[in-house]
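Colleague: Okay, so the sequence shown: first residue is 357 according to the working numbering, each after it adds one. Following this message is one structure expressed as C-alpha cells.
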Amino acid sequence: MVTGPRAMAARPGGPLTGTLSVPGDKSISHRALMLGALSVGETAITGLLDAEDVQATAAAVEALGATVERGDSTRVWGRGVSGLAEPADVLDMGNAGTAARLMLGVLAGQPFTAFMTGDASLRRRPMNRVIEPLSRMGAQFLARSGGRLPLAITGRPDLLPYDGALPVASAQVKSAILLAGLAAPGETRVVEPAPTRDHTERMLRAFGADLSVQDTDAGREIRLTGEAELDARPVQVPADPSSAAFPLVAALLVPGSEVHLPAIGMNPHRTGLFTTLREMGAAIEVANEREQAGEAIADITARTSRLRGVAVPAERAPSMIDEYPILAVAAACADGPTTMHGVGELRVKESDRLAALAEGLTACGVPVEAGDDWLTVHGCGGPVPGGETVATHMDHRIAMSFLVLGLASRHGTAIDDAGAIATSFPGFAELMQRARAGIAAAG
Numbered sequence: 357m358v359t360g361p362r363a364m365a366a367r368p369g370g371p372l373t374g375t376l377s378v379p380g381d382k383s384i385s386h387r388a389l390m391l392g393a394l395s396v397g398e399t400a401i402t403g404l405l406d407a408e409d410v411q412a413t414a415a416a417v418e419a420l421g422a423t424v425e426r427g428d429s430t431r432v433w434g435r436g437v438s439g440l441a442e443p444a445d446v447l448d449m450g451n452a453g454t455a456a457r458l459m460l461g462v463l464a465g466q467p468f469t470a471f472m473t474g475d476a477s478l479r480r481r482p483m484n485r486v487i488e489p490l491s492r493m494g495a496q497f498l499a500r501s502g503g504r505l506p507l508a509i510t511g512r513p514d515l516l517p518y519d520g521a522l523p524v525a526s527a528q529v530k531s532a533i534l535l536a537g538l539a540a541p542g543e544t545r546v547v548e549p550a551p552t553r554d555h556t557e558r559m560l561r562a563f564g565a566d567l568s569v570q571d572t573d574a575g576r577e578i579r580l581t582g583e584a585e586l587d588a589r590p591v592q593v594p595a596d597p598s599s600a601a602f603p604l605v606a607a608l609l610v611p612g613s614e615v616h617l618p619a620i621g622m623n624p625h626r627t628g629l630f631t632t633l634r635e636m637g638a639a640i641e642v643a644n645e646r647e648q649a650g651e652a653i654a655d656i657t658a659r660t661s662r663l664r665g666v667a668v669p670a671e672r673a674p675s676m677i678d679e680y681p682i683l684a685v686a687a688a689c690a691d692g693p694t695t696m697h698g699v700g701e702l703r704v705k706e707s708d709r710l711a712a713l714a715e716g717l718t719a720c721g722v723p724v725e726a727g728d729d730w731l732t733v734h735g736c737g738g739p740v741p742g743g744e745t746v747a748t749h750m751d752h753r754i755a756m757s758f759l760v761l762g763l764a765s766r767h768g769t770a771i772d773d774a775g776a777i778a779t780s781f782p783g784f785a786e787l788m789q790r791a792r793a794g795i796a797a798a799g
C-alpha cells in the first residue's frame with residue numbers, strides 16, 4: 357500500500373491564506389463502514405475519507421461479505437450483526453490501528469475464524485488491550501507476544517456480555533467491546549474512567565441500537581442491549597478535526613497568515629487541541645455551529661498568534677490524543693515551556709510518538725524533556741532553528757507535524773519519508789501548497 361521512502365521538505369515563506377477543505381473524519385469513516393456491514397439494508401456514506409487506512413477497512417468488510425460500491429457517495433449493503441461471511445484470505449489492515457482494534461470487536465461476534473495482519477508499523481503495536489476484554493466475552497485468539505499481529509480470532513454469535521470498568525480511557529477498547537456486545541445476549545455495560553470520543557455510541561444509536569450513556573461516580577457508563585438488529589441509514593462524515601489541526605497550527609505560526617477551514621467536526625470529545633491552543637493565546641474563531649448526521653460541526657478561522665507555554669492536564673488527553681505531535685510543534689514556537697501530562701498512550705501509537713517528538717525537536721534545536729507519561733517542550737519564542745531531516749518512523753502525524761515545523765523555522769526541515777501521510781491525509785502537501793506553503797518533494 358505505502359511505497360518506498362519519499363523525502364519531503366518544508367521551507368519558510370510568505371503568509372498562508374485561503375479556504376482549505378479538509379478530508380473526512382477517519383474515526384467516523386471506519387465506523388460507518390463497519391456498522392454499514394453489520395446493518396440490514398443499504399447505508400449511503402457521503403464525505404468518506406478516501407485514504408489508505410479507510411481503504412483497508414472497506415476491503416476488510418468486503419472480504420467479510422458486505423457489498424461496497426464506491427462513487428460520489430459510498431454505498432454499503434450489510435449482512436446483519438452476526439451474518440458476516442468467513443473471509444477467504446487474511447484481512448490486511450495496513451497501518452490502520454483503530455480499524456484493526458475495532459474490527460476485532462466485529463469479528464468476536466462472528467461464528468468463524470479469521471486471520472488479521474498489517475504493515476510493519478501495525479505489526480509492532482500491541483493488541484492485548486482489546487484481546488483481553490474480548491477474550492472475557494468468549495472470543496478466542498492466537499497471537500504473537502503482546503497480542504501483536506498477525507493473529508487469528510475465532511468468534512461466536514453467543515458472546516458473554518461485558519460488565520465492568522476499563523483500565524484505561526480508550527475509545528478503541530470501548531468501541532471494540534460495544535461492537536462485540538451487539539452479538540451478546542443481554543446487556544453489555546462499559547464504564548470508562550474518563551470520557552473518550554463517542555462516535556461509536558452516537559452511530560450505534562443512529563442505526564437503531566438500544567444504548568444509553570450516563571455519568572456516574574465511577575465514570576462514564578455505557579449500556580448496550582445485545583442481539584440487536586441494526587437498520588441501515590445515511591451517514592454524512594464531517595471534516596476531520598485531527599487533520600484540520602495541521603493547517604490550523606501552520607496558520608498560527610507563520611506570520612501574516614489567515615486560513616479558513618469549513619465544516620470541521622466539533623465533537624466535544626475531540627476538541628482538546630482547540631481548548632489548549634486558545635489557552636496558549638491562539639486566535640481561533642469558531643462560526644456557523646451546527647449539527648450534521650448527529651455530529652457537531654463548525655467553520656474555523658485561524659490567524660497568526662503569539663503563543664505562550666501552558667501546562668496541559670492529563671484529563672484532557674483523551675480529547676486530543678492524536679493532536680499532541682502538532683501541539684508539540686506549536687509549543688516549540690511558543691514563549692516558555694509547555695508540559696503535557698498523561699501522554700503515555702503516545703508510546704503505543706503508529707510509533708513511539710514521545711520518543712519521535714523528542715528526537716525530532718531536539719534535532720531542530722528545540723530543548724525537550726520527556727518521561728514515561730509526560731513531555732515538556734521549551735519554546736523558542738518564535739521560529740525554531742530547523743535545518744535538519746527528521747525520521748518519521750512510518751508515522752503520518754509525525755511526518756505532517758515536522759513539515760509544519762519547517763514552515764515556522766528559520767532554515768526549514770525535511771522528513772525522511774512522506775509515504776505514511778497517505779494513510780490519513782491524502783493530498784496533504786497539495787492542500788498546503790494551495791495555501792502557499794513551501795512544501796515539496798526533497799531533492
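Every residue gets a Cβ at the ideal spot worked out from N, C-alpha and C, and that includes glycine.
(1) Which runs of the beta strand (DSSP E) spanning at least 3 residues fall entirely within the segment 379-403, listed in chain order?
(2) For MET364, write down the residues that DSSP places opposite it in a beta bridge.
(3) For GLN592, collect the residues of the same chain with a Cβ closer than 7 Å to its Cβ; drop the 5 residues on either side in sequence, then sort them by chain order.
(4) How far does the alpha helix (DSSP H) with VAL529 in it reach, from first residue to last?
(5) If you drop the 5 nearest sequence neighbours on each side, which residues of the same chain put their C-beta closer than 8 Å to that of ALA419?
(6) Please tell me whether, using a cut-off of 6 Å, the distance from the CB of GLY716 to the nearest non-hydrogen atom of the ligand PLP is below it.
(7) Between PRO489 and the rest of its own chain, which residues show a CB-CB distance below 7 Å, the 5 nearest in sequence each way excluded?
(8) With H, G and I counted as helix, E and B as strand and the rest as coil, what does DSSP make of ALA726?
(9) What's the gap between the Cα of ARG672 and the Cα of LEU731?
(10) So if DSSP puts PHE497 in a beta bridge, which residue, or which two residues, is it bridged to?
(11) Would you check if the distance between the CB atom of ALA366 and the CB atom of GLY762 is smaller than 7 Å?
(12) DSSP state of SER757, grouped into three classes?
(13) Run through the segment 434-500 for me and flag every whole beta strand (DSSP E) of 3 or more residues, listed as ranges in chain order.
(14) Rounded to whole angstroms, what's the CA-CA distance from LEU460 to ARG664? Just pull it up for me.
(15) Assess contact between the segment 710-730 and the segment 775-788, defined as three or more Cβ pairs (one per stretch) separated by less than 8 Å. Is contact present?
(16) Just to confirm the assignment, what range does the alpha helix (DSSP H) spanning ARG561 have?
(17) Buried or exposed: which applies to GLU786, given that a residue is buried once 16 or more other Cβ atoms fall within 10 Å of its Cβ?
(18) In terms of residue numbering, what span does the beta strand (DSSP E) encompassing THR627 cover?
(19) How should SER675 be labelled, buried or exposed, when 16 other C-beta atoms within 10 angstroms of its C-beta is the threshold for buried?
(20) Please return the same chain residues whose Cβ sits closer than 7 Å to the Cβ of GLY537, not counting the five positions on each side in sequence.
(21) Who are the near neighbours of SER643 in its chain, counting only those whose CB is closer than 6 Å to its CB and skipping five residues on each side?
(22) For ALA796, does the count of other Cβ atoms within 10 angstroms reach 16, so buried, or fall short, so exposed?
(23) From ALA791 to MET622, what does the alpha carbon distance come to, in whole angstroms?
(24) In three-state terms, what does DSSP make of THR748?
(25) State the CB to CB distance for the pair HIS302 and SER780, rounded to an integer number of angstroms; the pair is presumed to be in contact (CB under 8 Å).
(26) Only counting the same chain, and skipping five residues up and downstream in sequence, which positions put a Cβ closer than 6 Å to that of ALA452?
(27) Per the DSSP calculation, GLY735 is bridged to which residue(s)?
(28) Suppose contacts are defined by Cβ-Cβ distances below 7 Å. Is ALA416 in contact with VAL424 by that definition?
(29) Taking buried to mean at least 16 other C-beta atoms within 10 Å of its own C-beta, is THR375 buried or exposed?
(30) Near SER526, what residues of its chain come up, given a Cβ to Cβ distance below 7 Å and the 5 sequence neighbours on each side ignored?
(31) Looking only at its own chain, which residues have a Cβ that is under 8 Å from the Cβ of ASP708, when we skip the five neighbours before and after it?
(32) DSSP three-state call for GLU706: helix, strand or coil?
(33) Could you tell me how far apart the beta carbons of SER438 and ALA363 are, in whole angstroms, since I believe they sit closer than 8 Å?
(34) Helix, strand or coil for LEU420, going by three-state DSSP, please let me know.
(35) Can you give me the C-alpha to C-alpha distance between ARG561 and ILE620, rounded to a whole angstrom?
(36) Checking the sheet assignment: what are the DSSP bridge partners for VAL546?
Modeller: By the coordinates alone:
(1) Runs found: 398-402.
(2) DSSP lists ILE771 and ALA797 as partners of MET364.
(3) Closer than 7 Å at the Cβ level, and outside the excluded window around GLN592, lie THR402, GLY403, GLN648 and ALA649.
(4) Run containing VAL529: 527-537, per the alpha helix (DSSP H) assignment.
(5) So the qualifying residues of the chain are PRO443, ALA444, ASP445 and LEU447.
(6) This structure simply doesn't include the ligand PLP, nor any ligand for that matter.
(7) Hits under 7 Å: TYR518, VAL529 and ILE533.
(8) ALA726: strand per DSSP, three-state reduction.
(9) Straight-line Cα distance between these residues: approximately 14 Å.
(10) ILE509.
(11) The Cβ atoms of ALA366 and GLY762 sit closer than 7 Å to each other.
(12) In this structure, SER757 counts as helix in the three-state DSSP scheme.
(13) Those beta strand (DSSP E) runs which fall completely within the segment 434-500 and span 3+ residues are 469-473 and 496-500.
(14) About 42 Å.
(15) Touching, no.
(16) Counting along the chain, the alpha helix (DSSP H) containing ARG561 begins and ends at 555-562.
(17) Burial state of GLU786 is exposed, judged by a 10 Å Cβ sphere holding fewer than 16 other Cβ atoms.
(18) From DSSP, THR627 is part of no beta strand (DSSP E); its letter is neither H nor E.
(19) By the neighbour-count criterion, in which 16 or more other beta carbons inside 10 Å mark a residue as buried, SER675 falls on the buried side.
(20) Correct list, in chain order: PRO517, TYR518, THR544, LEU580 and GLY582.
(21) Note on residue identity: the sequence assigns Ala, not Ser, to residue 643. Only residues of its own chain outside the window of five on either side were considered, and among them ASP655 have a CB closer than 6 Å to the CB of ALA643, listed in chain order.
(22) Its Cβ having fewer than 16 others within 10 Å, ALA796 is exposed.
(23) Whole-angstrom Cα-Cα distance: 23 Å.
(24) In the three-state DSSP reduction, THR748 falls in the coil class, being neither helix nor strand.
(25) Because the chain here runs from 357 to 799, residue 302 falls outside it and cannot be looked at.
(26) Shown here for ALA452: same chain residues with a beta carbon closer than 6 Å to its own, the five before and five after excluded, namely ASP409 and ALA412 in chain order.
(27) Within the DSSP bridge table, the entry for GLY735 names GLY692 as partners.
(28) Taking the C-beta atoms as reference points, VAL424 is found no nearer than 7 Å to ALA416.
(29) Label assigned to THR375: exposed.
(30) Contacts found: ARG485 and THR552.
(31) Around ASP708: LEU702 and HIS749.
(32) In this structure, GLU706 counts as coil in the three-state DSSP scheme.
(33) About 47 Å separates the beta carbons of SER438 and ALA363, which is beyond the 8 Å limit, so they are not a contact pair.
(34) Coil, per DSSP.
(35) Their backbone Cα atoms lie some 22 Å apart in a straight line.
(36) VAL546 pairs with GLY520 and ILE578.
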